[in-house]
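Asker: From first to last, the protein sequence lines stand for chains A and B. Numbering-wise (the working numbering), the first sequence opens with residue 1 and increments by one. Numbering-wise (the working numbering), the second sequence opens with residue 107 and increments by one. Even glycine gets a Cβ: it sits at the ideal position worked out from N, Cα and C. Given the structure is predicted, the values throughout are model-derived calculations rather than measurements.
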Amino acid sequence: DIQMSQSPSSLSVSVGDRVTITCRASQGINNNLAWFQQTPGKAPKSLIYAASRLQSGVPSKFSGSGYGTDFTLTISSLQPEDLAIYYCQQYYAYPFTFGGGTKVEI
Amino acid sequence: EVQLVESGGGLVQPGGSLRLSCAASGFTFSDHYMDWVRQAPGKGLEWVGRSRNKANSYTAQYAASVRGRFTISRDDSKNSVYLQMNSLKTEDTAVYYCVRDGELSGVYYFDYWGQGTLVAVSS
Numbered sequence: 001d002i003q004m005s006q007s008p009s010s011l012s013v014s015v016g017d018r019v020t021i022t023c024r025a026s027q028g029i030n031n032n033l034a035w036f037q038q039t040p041g042k043a044p045k046s047l048i049y050a051a052s053r054l055q056s057g058v059p060s061k062f063s064g065s066g067y068g069t070d071f072t073l074t075i076s077s078l079q080p081e082d083l084a085i086y087y088c089q090q091y092y093a094y095p096f097t098f099g100g101g102t103k104v105e106i
Numbered sequence: 107e108v109q110l111v112e113s114g115g116g117l118v119q120p121g122g123s124l125r126l127s128c129a130a131s132g133f134t135f136s137d138h139y140m141d142w143v144r145q146a147p148g149k150g151l152e153w154v155g156r157s158r159n160k161a162n163s164y165t166a167q168y169a170a171s172v173r174g175r176f177t178i179s180r181d182d183s184k185n186s187v188y189l190q191m192n193s194l195k196t197e198d199t200a201v202y203y204c205v206r207d208g209e210l211s212g213v214y215y216f217d218y219w220g221q222g223t224l225v226a227v228s229s
């Protein structure tokens, strides 16, 4: 199975900060990488697919980059509604696997 | 508007069975792959399985942890996908999410999630 590792596991930030989360795959996955946001008590929400493509309706303050094994999610100016756990996921090979999550908190 | 509504969760004893349903609306259901993803209490996300569409013969794929115990099926006439769970174990306790797949150049990715349904396996 492809292992996905995220760093950091938690992040303490201030409103307006630029936030970067890293995701690393244990083997190359091309650009078959997605990012999800989960706010407390809610279902995950899709943010990005194909490493850098924004899902419909997702604000442009979210951006993704990377290819192969190393990927990043960036939030350009953090707002209170962005406090959540962020997960990366590879869909290059079965079984699909997720990173352990990055908790972004004030 | 895409909507996915799961139902069928509840409390079941170890070794028991449960069938989850996911009712879809707001899109052409038959065109899409559908997945199930679960989340144990306080834990991360775990992919459970996938149902391909009619064009791909409705074939399914499963995580090793559920293969042989869980079965995904779908009824395009009812815009619904199902997760039949047999021989349930305590470690199957989780919120189960139904997920629609988008497609880009023949590669399928998760795009919309349901609100989830809780399955608790306990004696």
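Starting from Thr177 of chain B, follow its DSSP beta bridges and name the residues at the other end.
Answerer: Here residue 177 of chain B corresponds to residue number 71 of the second sequence, with the count starting at 1. Answer by DSSP bridge pairing, in chain order: B:Gln190.
Asker: Applying the 10 Å Cβ sphere with the 16-neighbour rule, what's the burial state of Asn159 of chain B?
Answerer: In the second sequence, the residue the question calls residue 159 of chain B occupies position 53. Asn159 of chain B comes out buried.
Asker: Kindly examine the ligand HEM and report whether one of its heavy atoms sits closer than 7 Å to the Cβ of Arg24 of chain A.
Answerer: Absence of the ligand HEM is noted for the structure shown, with no ligands found whatsoever.
Asker: In chain A, what lies closer than 9 Å to Phe176 of chain B by C-beta?
Answerer: For the purposes of this step, residue 176 of chain B is taken as residue 70 along the second sequence, with counting starting at 1. Result: empty, since nearest Cβ-Cβ is about 13 Å, beyond 9 Å.
Asker: In three-state DSSP terms, what is Asp17 of chain A?
Answerer: Residue mapping note: residue 17 of chain A aligns to position 17 of the first sequence, counting from 1. Of the three classes helix, strand and coil, the one that applies to Asp17 of chain A here is coil, per DSSP.
Asker: Name, please, each residue of chain A whose Cβ falls closer than 8 Å to the Cβ of Gly222 of chain B.
Answerer: For the purposes of this step, residue 222 of chain B is taken as residue 116 along the second sequence, with counting starting at 1. Ala43, listed in chain order.
Asker: Would you say Gly208 of chain B and Glu112 of chain B are within 8 Å of each other, going by their C-beta atoms?
Answerer: As a position in the second sequence, residue 208 of chain B is number 102, starting the count at 1. As a position in the second sequence, residue 112 of chain B is number 6, starting the count at 1. Going by C-beta atoms, Gly208 of chain B is not nearer than 8 Å to Glu112 of chain B.
Asker: Shorter than 8 Å from the beta carbon of Pro95 of chain A to some beta carbon of chain B?
Answerer: Here residue 95 of chain A is taken as the residue at index 95 of the first sequence, counted from 1. With 8 Å as the cut-off, Pro95 of chain A counts as an interface residue toward chain B.
Asker: Are the segment 94 to 103 of chain A and the segment 116 to 128 of chain B touching, with three or more C-beta to C-beta distances below 8 Å?
Answerer: Verdict: no, contact absent.
Asker: May I ask you to list the residues that DSSP assigns as paired with Ala130 of chain B?
Answerer: To locate residue 130 of chain B, count along the second sequence from 1; it is residue 24. Beta-bridge pairing links Ala130 of chain B to B:Leu110.
Asker: Report the CB separation of Tyr188 of chain B from Arg125 of chain B in whole angstroms; it is logged as a contact under 8 Å.
Answerer: Walking along the second sequence from the start, residue 188 of chain B turns up at place 82. Walking along the second sequence from the start, residue 125 of chain B turns up at place 19. About 6 Å separates the two Cβ atoms, so the contact holds.
Asker: Would you mind telling me which residues of chain B sit closer than 9 Å to Gly66 of chain A, beta carbon to beta carbon, in chain order?
Answerer: Within the first sequence, residue 66 of chain A is the residue found at index 66, counting from 1. Result: empty, since nearest Cβ-Cβ is about 15 Å, beyond 9 Å.
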